[in-house]
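Chains A and B, in that order, are what the protein sequence lines are. Mapping the first sequence onto this note's numbering, position 66 (from 1) lands on 68, and the numbers just tick up by one. Mapping the second sequence onto this note's numbering, position 167 (from 1) lands on 169, and the numbers just tick up by one. So the structure is just underneath, and the comments pick up after that.
There are 2 protein chains.
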Amino acid sequence: MKYGIAIFPSKKVQDEANSYRKRYDPHYALIPPHITMKEAFEADEDEIESKIIPELKKIADETEPFSYGVYKVSSFSPVTNTIYLKVDPSEEIFALNEKLHSGSLPGDKDYAFVPHITIAQKLYDDEFSDVFGSLSMLKFDLQDNVDRFQLLYQLENGAWSVYETFRLGGE
Amino acid sequence: MKYGIAIFPSKKVQDEANSYRKRYDPHYALIPPHITMKEAFEADEDEIESKIIPELKKIADETEPFSYGVYKVSSFSPVTNTIYLKVDPSEEIFALNEKLHSGSLPGDKDYAFVPHITIAQKLYDDEFSDVFGSLSMLKFDLQDNVDRFQLLYQLENGAWSVYETFRLGGE
Numbered sequence: 003m004k005y006g007i008a009i010f011p012s013k014k015v016q017d018e019a020n021s022y023r024k025r026y027d028p029h030y031a032l033i034p035p036h037i038t039m040k041e042a043f044e045a046d047e048d049e050i051e052s053k054i055i056p057e058l059k060k061i062a063d064e065t066e067p068f069s070y071g072v073y074k075v076s077s078f079s080p081v082t083n084t085i086y087l088k089v090d091p092s093e094e095i096f097a098l099n100e101k102l103h104s105g106s107l108p109g110d111k112d113y114a115f116v117p118h119i120t121i122a123q124k125l126y127d128d129e130f131s132d133v134f135g136s137l138s139m140l141k142f143d144l145q146d147n148v149d150r151f152q153l154l155y156q157l158e159n160g161a162w163s164v165y166e167t168f169r170l171g172g173e
Numbered sequence: 003m004k005y006g007i008a009i010f011p012s013k014k015v016q017d018e019a020n021s022y023r024k025r026y027d028p029h030y031a032l033i034p035p036h037i038t039m040k041e042a043f044e045a046d047e048d049e050i051e052s053k054i055i056p057e058l059k060k061i062a063d064e065t066e067p068f069s070y071g072v073y074k075v076s077s078f079s080p081v082t083n084t085i086y087l088k089v090d091p092s093e094e095i096f097a098l099n100e101k102l103h104s105g106s107l108p109g110d111k112d113y114a115f116v117p118h119i120t121i122a123q124k125l126y127d128d129e130f131s132d133v134f135g136s137l138s139m140l141k142f143d144l145q146d147n148v149d150r151f152q153l154l155y156q157l158e159n160g161a162w163s164v165y166e167t168f169r170l171g172g173e
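Next up, the structure:
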């Protein structure tokens, strides 16, 4: 089964992201707006229960809640034409990402972590230029708190279903 | 904010339900296949954190994991033309539903609880007759375990985002 780990922003930020995703992101219906903390990895249910969830609990316990800001739109162009709300980099989110790729947790970190909330992807080149041209002019002033992350699994139709919530800082 | 409580079946059952929802359920993209345990209710975030989540934790701790079977399709017709996978009634699921409507938890129970996984809704009358005519011939033999329920909130676009997972039987 394919699993992934994400942070879901507050309703306010999700609603903002969805106002763009609705038009520009074909994954709009597959998962709510999110910050991917760990890309999709393969694991079986036994491994998830016996090994991965205890490890994620430990990481969550050791991580204090933190906040982040969103101020602008950016893009992965020319690598891909994905457009995203840029999550202002903070030590905390990098540290959490690092922990989620350490120890015995499966899944490689193939590239540098750029915390982001995707709002457009898989656009045609012309469309990308137009859309990014206008979105990149936008200024945001969103502040959001992270007090949990979620383990998800992917269904056959490509949609993601939340399996477990991990609260930061223990309880 | 609008909250609700649901059980998400295993991937196997979700995939089965989605094979019908894709064609017949306009809510297909708003939430994965689920058993609604508590209909949408209004609450503010403070109340959720200070009162409702502790109460849900207590309920989850006191409830042992249980299993259920799905053997056939049924419908709420003529009240609504919703078609669903019938969750074979069990004491455990009724007891959990009862607990989720007790104590100081908000939200009324407006009608008798019929545990189900919706696979079609908002069909035109003609379409309903056709679709239900063929789906009601189907026989299933699905067994599934419930070891958690989830608290969700609704986004402005109607989609549901998981806020917290509650494991049954404590940990």
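For glycine and all other residues, C-beta sits at the position ideal for the given N, C-alpha and C.
Out of the options, point me to the one whose CA is closest to residue i's CA.
{"i": "F10/A", "options": "A19/A, M3/A and K4/A", "result": "A19/A"}
{"i": "L170/B", "options": "V148/B, Q156/B and S79/B", "result": "V148/B"}
{"i": "P80/B", "options": "E41/B, Y126/B, E166/B and I54/B", "result": "Y126/B"}
{"i": "D132/A", "options": "E41/A, S77/A, E47/A and Y30/A", "result": "S77/A"}
{"i": "I33/B", "options": "E166/B, T167/B and L157/B", "result": "L157/B"}
Mark residue i as exposed unless 16 or more other C-beta atoms lie within 10 angstroms of its C-beta, in which case mark it buried.
{"i": "F134/B", "result": "buried"}
{"i": "M39/A", "result": "buried"}
{"i": "D143/B", "result": "exposed"}
{"i": "F151/A", "result": "buried"}
{"i": "Y113/A", "result": "exposed"}
{"i": "F96/A", "result": "exposed"}
{"i": "L140/A", "result": "exposed"}
{"i": "S163/B", "result": "buried"}
{"i": "V116/B", "result": "exposed"}
{"i": "E166/B", "result": "buried"}
Under the DSSP definition of a beta bridge, which residues are partnered with residue i?
{"i": "A8/B", "result": "T38/B and Q152/B"}
{"i": "Q145/A", "result": "G71/A"}
{"i": "A122/B", "result": "I85/B"}
{"i": "S76/B", "result": "Y86/B"}
{"i": "T167/A", "result": "Q152/A"}
Taking DSSP as the reference, what is the three-state secondary structure of residue i?
{"i": "E158/B", "result": "coil"}
{"i": "Y30/B", "result": "coil"}
{"i": "F43/B", "result": "strand"}
{"i": "D110/A", "result": "coil"}
{"i": "S136/A", "result": "helix"}
{"i": "L102/B", "result": "coil"}
{"i": "E129/B", "result": "helix"}
{"i": "P91/A", "result": "coil"}
{"i": "E66/B", "result": "coil"}
{"i": "V116/A", "result": "coil"}
Round the Cβ separation of residue i and residue j to the nearest angstrom and send it over; I've been treating them as touching at under 8 Å.
{"i": "M37/B", "j": "I119/B", "result": "The sequence given here has Ile at residue 37/B, not Met. Right, the Cβ-Cβ distance comes to about 6 Å (below 8 Å), so this counts as a contact."}
{"i": "L154/A", "j": "Y26/A", "result": "Contact doesn't hold; Cβ gap of about 22 Å is too wide."}
{"i": "T84/B", "j": "Q123/B", "result": "4 Å"}
{"i": "L107/B", "j": "E57/B", "result": "6 Å"}
{"i": "A45/A", "j": "I54/A", "result": "6 Å"}
{"i": "E100/A", "j": "F68/A", "result": "Not a contact, Cβ separation roughly 14 Å."}
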